[in-house]
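Per my numbering, the very first residue in the sequence shown carries number 177; after that it's consecutive.
Where is the CB? At the ideal position from N, CA and C, for every residue including glycine.
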Amino acid sequence: MSASVAGAGPAEQDPAKAAVAGASRTAQRLARLGFRDAAAAAASLTAPPLAWWDVAANQPDAAHAAALAAISQSANPDWALAALAALMTHAADRSELAAALGEDESVRLRLIRLLGASSALGDHLAAHPADWHALAGGLDPVGMPARLGAAGAEPELRAAYRRELVAIAGRDLNGELDVAAVGELLADLAGHTLRAALALAASRARPHSGPGRRDPDPAGPDRFRLAVIAMGKAGGRELNYVSDVDVIFVAEGDLDQASRIAAETMRICRAVAWEVDASLRPEGRAGPLVRTLASHAAYYQRWANTWEFQALLKARPVAGDAELGRQYLDTIAPLVWSAAERPDFVADVQAMRRRVVEHLPPELVDREIKLAAGGLRDVEFAVQLLQLVHGRGDETLRVAATLPALDALRDGGYVGRDDAARLADAYRFLRAAEHRLQLRLLRRTHLVPDDPVAVDQLARAMGLQAQGHHAVREVWQGEWARHTHQVRRLHEKLFYRPLLEAVARVPSEALRLTPVEAGRRLAALGFADPRGALGHIQALTAGLSRRAALQRALLPVLLGDFADAPSPDAGLRAYRQVSDELGATPWFLRLLRDEGAVASRLAYLLGTSQYVVRLLVRAPEALQSLGDDAALRPRRAAELTAAMAEMVGRHTDSANAVAAIRGVRRGELLRVAFADLLDQLTVDQACAAISATTDATLAAALEVARRDVAGADRIDFAVIAMGRLGGGEAGYGSDADVMFVFDARAPEGEPTLDAALFESEAPAIAHEVASRLRALLSAPSADPPLLIDADLRPEGRRGPLARSLASYARYYRQWSAPWEAQALLRARIAAGDRALGDRFLALIDPVRYPAGGLSPADVAEIRRIKGRVDAERLPRGADPATHLKLGRGGLADVEWTIQLLQLWHGHEVAALRTTSTRDA
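Rendered as structure tokens:
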């Protein structure tokens, strides 16, 4: 410290050096506050008109600390400070402004955030310093028409327009207005500006009075009537800060005079605020600027393209003759809301959107927030297509703005709640970004800057902050990527899905398509029996019930998903079956309506698997898992075993206990089938999950069987899995190939086994347990059966159903054939006494992994048996070229080949000692 003080002495003694040192310290401090040109910032803060900085203390004075903190947190502190200095320099009421900055937090934040985000509006305030008052108090949209209408010439109207922008933008940037409110205010501002410009144009068109000449009002009813119809975002009251304002002019009377005034209105608006674009009019720029109402009607009835009706969705009279504007809307509305009946309407709209994306310059695609995939246009086109299709029969959808239209689509059941919320969030984010980009320089743009500093400013203008190690621009880019991904996904889901109100009948009888046309569209979707499909649809949607209304909303979406499935006809038929069974259940249709993923997945599954259909009718609650990928993951074996054991504990009646066990199995099989068909599982994972479910079922049912058989507690009993179950490769229709092994248990309190029990009673008890187990699981039920196949046991069906461990030892030591050693390759314990199972596996290991491998005679025998299987086991009439299991190159060929190699080399290669075909 002493060195520092000592070092400061000379600088303090030399005023020039002290000033340089002070300026350096100030610049360093301001750089830490976010100023990029810290030297310029220091000059502004230490000199009039601001003089806010205490150089000695190297901090702002107390009166201005809050203002400087706001500047440092603005989008561009350098812009904000420079513009504020310019404003203070030119302001006639500088003391009033200074007081407001110090005492009125609302004014301070509105002004500084505006200056930091928009250099163009900063320049306007420097030229019109009194306009800072527009940021004080409450917003006054009611007085907007009078303030703009008072302008007598273009410069005055331009200044008045910019003052209104200041008022709106300041509150927007301060977080006081949401995106929808900003769009409405800007659209209203555009409408008032058009009216003011029209009044100026009309006043200049009046002819001079002459002797004896009457001077009529050329804009009055005796000469012509002119209405200005806003289109696009101006018509939808969702305008940007800088955008062309799309209009159509309609007139009656003197069209030449109306055209001159319309052209002059456009010129004035261009000089004042923005371009007026009338190219959406009939015939575009090649057509007359002004047309009569009858001419408009004739054009739209005869020659209009599909995109023109989409554009008319947002038409709104904003200036001129209000009655003529209303007549225009009354004339075109029926044409707009019947446009979806035009041939290939949906395809035309989809093709137009694709063309927009395809024509984007490749170097701009990654920066475009409006036109690129996942941008604003994707939201707008999806919403508008749904409106035009469904709005023919549902008038609640006939709204112009995107967000209210999305709300209406959600409320009507045409878009799921989650999908609507995600689209709305993404739309608000992208529109807010568009607003901030345009405010910077008041230029029309939809491109994110490629300059990292400018992206930082954009992110800060949107209110984002750095998070942890992520810079603020990285936070913004992450949010942009997330919203773009959601829009792209949902746009594909909604915009490119067949929307067939012809089939899912809309409420209005007049708007139903004929069965012939409906059949044609169903055939185009891939339905082999369009007439039968139409019958199912009519049965589902008939009547005025809430259930029928929901089906009318759901089916246009589901038909496209049925079309994506292998069998659309089977899918629709199954959907009707499931709906008949569950439609009265309150949550069923509501779940399908609100969870788009559930409805879409269900349609695909029903058109893919009758197995799923049969299970689903018995386990409808499983539908809810379709909305959550995590819920589709199979349960762990231990979890399944515990769940089934709990079922056994709950029920003392054996039939009820096994019914409960089979119910758990049914639900798990359905979960696995869902995940399998939806590509959430690999083949190995699906087989392992089915095998684990079978193991758990066997374990739980064995407990019930032992409970039912007297003396069962006096033996140890194990179920040995064989075949594909043993390999963990069971399929949906697989039997459970097993062998049963038992051993006598020493009676409690006695140190040795009871030989008499072992010889006489134990085999009978074990047989009864095994038989009871088979009977319980094969009892008639609506659930999938689990057939127990014990034919791989020694001596096959001629041998005892259950054998003692010693009996197995004797048999395999004396009589085992090569094919039995081959069958044992897949033996593992599935249920019952683990210690007994381990002893059994230790017993058979020398049999299935014979020392020295196979003899030539054993190899010949295995090949002989394989030849018999190929010749005799193939079902009658089956084609050996196409039978998946037993045909040439089928599963059996794979399994026998691998098993032969296991028998041959398993004794010397430990890795071959596995029950899994894939692992082997």
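- Query: For the candidate residues 914, 994, 986, whose alpha-carbon lies nearest to that of residue 1105?
  - Reply: Because the chain here runs from 177 to 1096, residue 1105 falls outside it and cannot be looked at.
- Residue from 376, 191, 360 with nearest C-alpha to residue 412: Reading the sequence shown from its first residue, position 236 is the one you call residue 412. Out of 376, 191, 360, 360 has the C-alpha closest to the C-alpha of residue 412.
- Looking at the structure shown, is residue 517 part of a helix, part of a strand, or coil, going by DSSP? Reading the sequence shown from its first residue, position 341 is the one you call residue 517. Correct three-state label for residue 517: helix.
- Item | Separation of residue 481 from residue 521, as counted between CA atoms | Looking up residue 521 in the sequence shown gives position 345. Looking up residue 481 in the sequence shown gives position 305. Rounded to whole angstroms, residue 521 to residue 481 spans 10 Å at the Cα level.
- Query: Which residues in the same chain have their Cβ closer than 8 Å to the Cβ of residue 280, if we skip the five residues on either side of it in sequence?
  - Reply: If you number the sequence shown from 1, residue 280 lands on position 104. Excluding sequence neighbours, residue 280 sits near 312.
- Message: Which residue marks the beginning of the alpha helix (DSSP H) containing residue 844, and which one marks its end?
- Response: Walking along the sequence shown from the start, residue 844 turns up at place 668. Start and end: 830-853.
- Message: One question on the structure: do residue 602 and residue 663 come within less than 8 Å of each other, judged by their Cβ atoms?
- Response: Locating residue 602 in the sequence shown gives position 426, where the first residue counts as 1. Locating residue 663 in the sequence shown gives position 487, where the first residue counts as 1. It is a contact, given that the beta carbons lie within the stated cut-off.
- Task: State buried or exposed for residue 490, treating a residue as buried only when at least 16 other CB atoms are found within 10 Å of its CB.
- Result: As a working note, residue 490 is residue 314 in the sequence shown. Buried, by the Cβ-count rule.
- Task: Compare the C-alpha of residue 209 against each of 244, 608, 736 and name the closest.
- Result: Sequence index remark: in the sequence shown, residue 209 carries index 33 (1-based). The option with the nearest alpha carbon to residue 209 is 244.
- Query: Hey, would you say residue 213 sits closer than 8 Å to residue 254, going by beta carbons?
  - Reply: Locating residue 213 in the sequence shown gives position 37, counting from the first residue. Locating residue 254 in the sequence shown gives position 78, counting from the first residue. Yes, Cβ-Cβ distance for residue 213 and residue 254 is below 8 Å.
- Item | residue 248 (DSSP reduced to helix, strand or coil) | Along the sequence shown, one-based indexing puts residue 248 at 72. In the structure shown, residue 248 sits in a helix (DSSP, three-state: H, G or I).
- Any idea what DSSP makes of residue 191, helix, strand or coil? Taking the sequence shown and counting its residues from 1, one reaches residue 191 at position 15. In this structure, residue 191 counts as helix in the three-state DSSP scheme.
- Query: Would you call residue 1060 buried or exposed, if buried means 16 or more other Cβ atoms sit within 10 Å of its Cβ?
  - Reply: The residue labelled residue 1060 in the question sits at position 884 within the sequence shown. Answer is exposed; the Cβ neighbour count stays below 16.
- Item | Candidates 292, 488, 479, of which the one nearest residue 410 by Cα | Within the sequence shown, numbered from 1, the residue matching residue 410 stands at position 234. The candidate whose alpha carbon is nearest that of residue 410 is 488.
- Item | Other residues of its chain near residue 439: CB distance less than 8 Å, five sequence neighbours each side excluded | Numbered from its first residue, the sequence shown carries residue 439 at position 263. Cβ neighbours of residue 439 beyond the five flanking positions: 465.
- Query: Is the segment 563-578 close to the segment 371-378, with three or more CB pairs under 8 Å?
  - Reply: no
- Item | Residue closest to residue 294, alpha-carbon to alpha-carbon, out of 734, 696, 259, 193 | One-based indexing of the sequence shown puts residue 294 at position 118. Comparing Cα positions, the closest option is 259.
- For residue 631, the first and last residue of its enclosing alpha helix (DSSP H): In the sequence shown, counting from the first residue as 1, residue 631 sits at position 455. Residues 628-637.
- First and last residue of the uninterrupted alpha helix (DSSP H) at residue 461: Along the sequence shown, read from residue 1 onward, the residue named residue 461 stands at position 285. Neither: residue 461 is in no alpha helix (DSSP H) and is coded neither H nor E.
- Ordered along the chain, which non-local residues of its own chain (more than five positions away) have a Cβ less than 7 Å from that of residue 315? As a working note, residue 315 is residue 139 in the sequence shown. 343, 347.
- Which of helix, strand or coil DSSP assigns to residue 746: Along the sequence shown, read from residue 1 onward, the residue named residue 746 stands at position 570. Residue 746 falls in the helix class under three-state DSSP.
- Item | Rounded straight-line distance, which links the Cα of residue 729 to that of residue 677 | Here residue 677 is taken as the residue at index 501 of the sequence shown, counted from 1. Here residue 729 is taken as the residue at index 553 of the sequence shown, counted from 1. For residue 677, the pLDDT reaches just 33, beneath the cut-off of 50, and the residue's location in the model is therefore unreliable, although a value from the coordinates is still provided. Going by the C-alpha atoms only, they are around 9 Å apart.
- Query: By DSSP, does residue 980 sit in helix, in strand, or in coil?
  - Reply: Residue 980 sits at position 804 when you count from the first residue of the sequence shown. Strand.
- Message: I need the boundaries of the beta strand (DSSP E) containing residue 892, first residue and last residue.
- Response: Reading the sequence shown from its first residue, position 716 is the one you call residue 892. Segment 891-897, the beta strand (DSSP E) holding residue 892.
- Task: Give the straight-line distance between the Cα atoms of residue 1055 and residue 1067, rounded to the nearest whole angstrom.
- Result: Counting from one through the sequence shown, the residue named residue 1055 turns up at place 879. Counting from one through the sequence shown, the residue named residue 1067 turns up at place 891. The straight-line gap from Cα to Cα measures roughly 15 Å.
- Query: Terminal residues of the continuous beta strand (DSSP E) containing residue 493?
  - Reply: As a first step, residue 493 must be located in the sequence shown, where it is residue number 317. Note, residue 493: beta strand (DSSP E), 492-496.
- Please state whether DSSP places residue 545 in a helix, a strand or coil. For this step, residue 545 is matched to residue 369 along the sequence shown. Residue 545: coil per DSSP, three-state reduction.
- Mind reading off the beta-carbon distance from residue 423 to residue 405? Whole number of angstroms is fine, and I expect it under 8 Å. Position 247 of the sequence shown, counted from the start, is the residue given in the question as residue 423. Position 229 of the sequence shown, counted from the start, is the residue given in the question as residue 405. Right, their Cβ atoms sit about 6 Å apart.
- Alpha carbon to alpha carbon, how far is residue 957 from residue 838? Sequence index remark: in the sequence shown, residue 957 carries index 781 (1-based). Sequence index remark: in the sequence shown, residue 838 carries index 662 (1-based). When rounded, the distance between both Cα atoms is 9 Å.
- Item | Rounded C-alpha distance that separates residue 540 from residue 654 | For this step, residue 540 is matched to residue 364 along the sequence shown. For this step, residue 654 is matched to residue 478 along the sequence shown. Each residue's alpha carbon lies about 19 Å from the other.
- Task: Tell me where the alpha helix (DSSP H) around residue 264 begins and ends.
- Result: Residue 264 sits at position 88 when you count from the first residue of the sequence shown. Element bounds for residue 264: 253-266.
- Task: Measure the Cβ-Cβ separation of residue 1093 and residue 903 and say whether it is below 8 Å.
- Result: Translated into the one-based positions of the sequence shown, residue 1093 becomes position 917. Translated into the one-based positions of the sequence shown, residue 903 becomes position 727. Going by C-beta atoms, residue 1093 is nearer than 8 Å to residue 903.
- Message: Need the endpoints of the beta strand (DSSP E) that residue 1048 sits in, please.
- Response: Position 872 of the sequence shown, counted from the first residue, corresponds to residue 1048. Where residue 1048 is concerned, there is no enclosing beta strand (DSSP E), although the alpha helix (DSSP H) it sits in stretches over 1032-1048.
- Given residue 1089, which residues of its chain have a CB within under 7 Å of its CB, disregarding the five upstream and five downstream residues? Reading the sequence shown from its first residue, position 913 is the one you call residue 1089. The residues are 1025, 1082.
- Compute the minimum distance between the beta carbon of residue 502 and the heavy atoms of the ligand COA, and state whether it is under 7 Å. The ligand COA is absent from the structure shown, which contains no ligand whatsoever.
- Thinking C-alpha only, which one of 203, 1002, 263 is nearest residue 234? Residue 234 sits at position 58 when you count from the first residue of the sequence shown. For residue 234, the nearest C-alpha among the options comes from 203.
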